[in-house]
Amino acid sequence: MRRRAAEFRRPVRRRLSYWIWLFLALFSILGLLLFFLQHHHHHQDPNDYPSLERNARVDHFARESLNFTEEITSVKSFSRQLAEQMTLAKAYVVIAKEHNNLHLAWQLSKKIRGCQLLLSKAAMTGEPVTQEEAEPIIKSLSSLIFKAQDIHYDIATTIVTMKSHVQALEERANAATVQSTVFGQVAAEALPKSLHCLNIKLMTDWLKKPSLKELSYEMKNSPRLMDNNLYHFCIFSDNVLATSVVVNSTVSTADHPKQLVFHIVTNGVNYGAMQAWFLSNDFKGATIEVQNIDEFHWLNASYSPLVKQLLNPDSRSFYFGVYQDLNVEPKMRNPKHLSLLNHLRFYIPEIYPQLEKVIFLDDDLVVQKDLTPLFSLDLHGNVNGAVETCLEAFHRYYKYLNFSNSIISSKFDPQACAWAFGMNIFDLVAWRKANVTTKYHYWQEQNADGTLWKLGTLPPALLSFYGLTEPLDRRWHVLGLGYDLNIDNRLIESAAVVHFNGNMKPWLKLAIGRYKPLWDRYINQSHPYLQDCVTS
Numbered sequence: 002m003r004r005r006a007a008e009f010r011r012p013v014r015r016r017l018s019y020w021i022w023l024f025l026a027l028f029s030i031l032g033l034l035l036f037f038l039q040h041h042h043h044h045q046d047p048n049d050y051p052s053l054e055r056n057a058r059v060d061h062f063a064r065e066s067l068n069f070t071e072e073i074t075s076v077k078s079f080s081r082q083l084a085e086q087m088t089l090a091k092a093y094v095v096i097a098k099e100h101n102n103l104h105l106a107w108q109l110s111k112k113i114r115g116c117q118l119l120l121s122k123a124a125m126t127g128e129p130v131t132q133e134e135a136e137p138i139i140k141s142l143s144s145l146i147f148k149a150q151d152i153h154y155d156i157a158t159t160i161v162t163m164k165s166h167v168q169a170l171e172e173r174a175n176a177a178t179v180q181s182t183v184f185g186q187v188a189a190e191a192l193p194k195s196l197h198c199l200n201i202k203l204m205t206d207w208l209k210k211p212s213l214k215e216l217s218y219e220m221k222n223s224p225r226l227m228d229n230n231l232y233h234f235c236i237f238s239d240n241v242l243a244t245s246v247v248v249n250s251t252v253s254t255a256d257h258p259k260q261l262v263f264h265i266v267t268n269g270v271n272y273g274a275m276q277a278w279f280l281s282n283d284f285k286g287a288t289i290e291v292q293n294i295d296e297f298h299w300l301n302a303s304y305s306p307l308v309k310q311l312l313n314p315d316s317r318s319f320y321f322g323v324y325q326d327l328n329v330e331p332k333m334r335n336p337k338h339l340s341l342l343n344h345l346r347f348y349i350p351e352i353y354p355q356l357e358k359v360i361f362l363d364d365d366l367v368v369q370k371d372l373t374p375l376f377s378l379d380l381h382g383n384v385n386g387a388v389e390t391c392l393e394a395f396h397r398y399y400k401y402l403n404f405s406n407s408i409i410s411s412k413f414d415p416q417a418c419a420w421a422f423g424m425n426i427f428d429l430v431a432w433r434k435a436n437v438t439t440k441y442h443y444w445q446e447q448n449a450d451g452t453l454w455k456l457g458t459l460p461p462a463l464l465s466f467y468g469l470t471e472p473l474d475r476r477w478h479v480l481g482l483g484y485d486l487n488i489d490n491r492l493i494e495s496a497a498v499v500h501f502n503g504n505m506k507p508w509l510k511l512a513i514g515r516y517k518p519l520w521d522r523y524i525n526q527s528h529p530y531l532q533d534c535v536t537s
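Quick note on the working numbering: the sequence shown kicks off at 2 and runs consecutively.
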């Protein structure tokens, strides 16, 4: 009878052991995930210079002597044995504390600290852990773990305890993920100190040098600004250096740069700095006009639904307030999405009533090939020439628009192909004929409550230019350099324009290092203002 009972208990104990080991494994994995998330957030802090330098030193040592990742995953290494013992010991620390065995918890914690110090030393010096170093800690930890196992803690209580710890770790991991995303978004929206410094220096020039205002007045009256025999480009931005890179890269790759005309619109805060920069520097003889959006008095609440939304207190608190509701994705609260400067692209025919064709360029791109052939491209009566993005299945209308709303589903195909905004050739004659701006106003009014789409300029553009877009060859416009680490080099080299769309802009410390040289090459590093602002 006793033998049958023992035989019955053995599989039960095996099953219970299986469950506790499963929870211990989950506990360890979640602990490592939390550690990674916290350190990943810390690494991305653009102001954490000491941490970046320290990481660089660690990388340097590791490359020269020891690949610590390979070392700690190697079956034969003492580092791996230490890491495994430490993981198991951490689980027993939790169990011991729950059962009020504080002395055992203290003993285990002490040995865990010894493990951590030994592994940190190996990672920093690039030398593997030796048998002489590891053996005393492994033996003492093994002894303590056997001691913990011999105590025979109540299995059911332990499983409940481990479940609660796993749940708590999951909640902390989720909170760390949200916090990391929010901080990343804040960093992406911030203006680096070096660019702020440049703006101040340029604004000082604008205020102190009357000759710049005289040059500006002459430029406003230049007949080249309305000459349709020239090639016209428009850029709407509040970032002086980014706009300069777009202009510089465009003229540097053009066959006839003196035939290029750039129409720049900025806001009142940056108008003086933008004027001073482009009037003080030569861009291969190209004509450059800078305008202030604050002087567009026709663009008011009675004409533009967007201006009306900007005056709405709820909209302003949502986009320009503090990140309070963590359930709302941070990028959806970027003020840029409700920025009048960002939506100015829908008013190009009103801003330039004399022009017939224009190329619109975002300020976060680099031009690598001559763009003037686009002006002779046949758009087949369409308004907008753009590169389609539906090679990936998720870049279709249903991903940007709310097709559960009958206003959308009754008029549009959910499988229609989306396209890229940021490098577009516009036929302004066809635009005026099709009343595209009126269509844009209609859709902005329909979306006053935010139910048709959530953010940005692309959704209303997809609606306003529906059936009016001519697909361009993919090589004209390659996207993703602000978020995608794995773009094919051959695709980048063949591209006429590379676009840093995403949070990792090339002027930020968050920039992807692999792509940053594409942008840096069009900055005049010898300019005294840039040198002063970078070194200061």
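The C-beta atom is built at its ideal place from N, Cα and C for all residues, glycine as well.
Because the structure is a prediction, the values reported are computed rather than measured.
With fewer than 16 other Cβ atoms inside 10 Å of its own Cβ, Leu208 counts as exposed. The alpha-carbon of Asn502 is positioned some 28 angstroms away from that of Gln260. Tyr232 has Leu261 as its beta-bridge partners, per DSSP. For Thr244, no beta strand (DSSP E) segment is defined; the enclosing uninterrupted segment is the alpha helix (DSSP H) at Val241 to Thr254. In the DSSP assignment, Lys91 falls within the unbroken alpha helix (DSSP H) covering Phe79 to Glu99. Nearest to Ala123 by alpha-carbon distance, out of Glu71, Glu99 and Ala149, is Glu71. For the region 364-449, the full-length alpha helix (DSSP H) segments reaching 4 residues or more read 398-401, 407-410, 429-435 and 437-447 along the chain. Rounded to the nearest angstrom, the gap between the Cα atoms of Trp432 and Ile201 is 39 angstroms.
Rounded to whole angstroms, the gap between the alpha carbons of Leu196 and Pro460 is 31 angstroms. Looking at the DSSP output, His528 sits in no beta bridge, so it has no partner there.
The C-alpha of His233 lies about 6 angstroms from the C-alpha of Phe263. DSSP lists Val266 as the beta-bridge partner residues of Phe237.
The Cβ atoms of Val388 and Arg475 sit closer than 8 angstroms to each other. Ile289: member of the beta strand (DSSP E) spanning Thr288 to Asn293, first to last residue. Note that the C-beta distance between Ser223 and Thr288 is below 8 angstroms. Here DSSP, grouped into helix, strand and coil, assigns Phe297 to coil. Going by beta carbons, Lys112 and Ser141 fall inside the 8 angstroms limit. For Lys434, the number of other beta carbons within 10 angstroms of its own is below 16, and it is reported as exposed. For the pair Val247 and Leu356, the CB atoms are not nearer than the 8 angstroms cut-off. Per the DSSP secondary-structure output, Thr74 pairs with nothing in a beta bridge. Pro507 sits buried, since 16 or more C-beta atoms from the chains shown fall within 10 Å of its C-beta.
Separation of the CB atoms of Gly386 and Glu471 is rounded to 5 angstroms, and the pair is thereby assigned contact status at 8 angstroms.
With respect to the 8 angstroms criterion, Leu109 and Ala84 are not classified as neighbours on the basis of their beta carbons. According to the DSSP assignment, His104 belongs to the alpha helix (DSSP H) that extends over Leu103 to Thr126. Distances from the CA of Ser340 to each of Pro306, Ser80 and Ser405 were compared; the closest alpha carbon is that of Pro306. In the DSSP assignment, Glu133 falls within the alpha helix (DSSP H) that extends over Gln132 to Asp151. The three-state reading of DSSP puts His500 in strand, counting E and B together. Per DSSP, the beta bridge partners of Lys358 are Asp428. Taking 8 angstroms as the cut-off, the beta carbon of Ala419 is found closer than this to the beta carbon of Leu463.
Sequence-distant partners of Arg225 (beyond 5 residues in either direction) whose C-beta falls short of 8 angstroms from its own C-beta, in its chain, are Leu231, Val262 and Thr288. Between Leu531 and Leu199 the beta-carbon gap is near 7 angstroms, inside 8 angstroms, which marks them as a contact. Pairing Pro350 with Thr438 gives a Cβ-Cβ distance under 8 angstroms. CA-to-CA, the gap between Glu134 and Leu89 works out to about 20 angstroms. Judged by DSSP in its simplified three-state form, Pro224 adopts helix. The three-state secondary structure of Thr458, taken from DSSP, is coil.
By the criterion of a C-beta distance shorter than 7 angstroms, Lys412 is surrounded by no residue of its chain, once the five residues flanking it on both sides are discounted.
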